[in-house]
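Numbering (the working numbering), first residue to last: 9 to 137.
Ideal Cβ placement from N, Cα and C applies to all residues, glycine included.
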C-alpha cells in the first residue's frame, strides 16, 4: 500500500500516542488503583516502581517529550516484566500471557531508535531553537 507512505509521519505519531496512553493506563492502574486496579492495595515495591515507570514514561512517549529516553526505559522495564512475571509460566508468550509485554518491549525499542517523530513536543522544541 504505497499510497499510505505519504501519511507515515502522522500514522507514526498516532502509534506513539496510543501506545504511550495505553502504557500510562497500566501505570495508573498500578499506582492509583484506577481503571480496574484495586484502590488501596499495597503492591510489592518492584510493582510500584513499574507503575511509576509506566505512568511517567507513557505520558512522555505520548507527548513525544524525551520520548527516545522514555521509550528505552519502558522497553527495558517490559523486558524485565516479561522474564520476571511471564517467562516462568512457559516458553511461549501465548502460553505465559506475556504477549503484551513482548509487544510493548519491541515497540518501545523501535520508538527509542526512531525518536519521537515530526508530530511531537521534541520536534516542536527543536524548531524553536
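Is residue i near residue j, with beta carbons less than 7 Å apart?
i: residue 75; j: residue 124; result: yes
i: residue 82; j: residue 118; result: no
i: residue 65; j: residue 25; result: no
i: residue 63; j: residue 39; result: yes
i: residue 96; j: residue 110; result: no
i: residue 21; j: residue 91; result: no
Hey, how far is the Cα of residue i from the Cα of residue j?
i: residue 43; j: residue 36; result: 7 Å
i: residue 60; j: residue 32; result: 9 Å
i: residue 105; j: residue 121; result: 26 Å
i: residue 51; j: residue 18; result: 38 Å
i: residue 85; j: residue 56; result: 12 Å
i: residue 133; j: residue 113; result: 27 Å
i: residue 107; j: residue 137; result: 41 Å
i: residue 77; j: residue 131; result: 15 Å
i: residue 103; j: residue 10; result: 36 Å
Give the range of the alpha helix (DSSP H) segment to which residue i is assigned.
i: residue 38; result: 16-40
i: residue 83; result: 75-89
i: residue 56; result: 53-71
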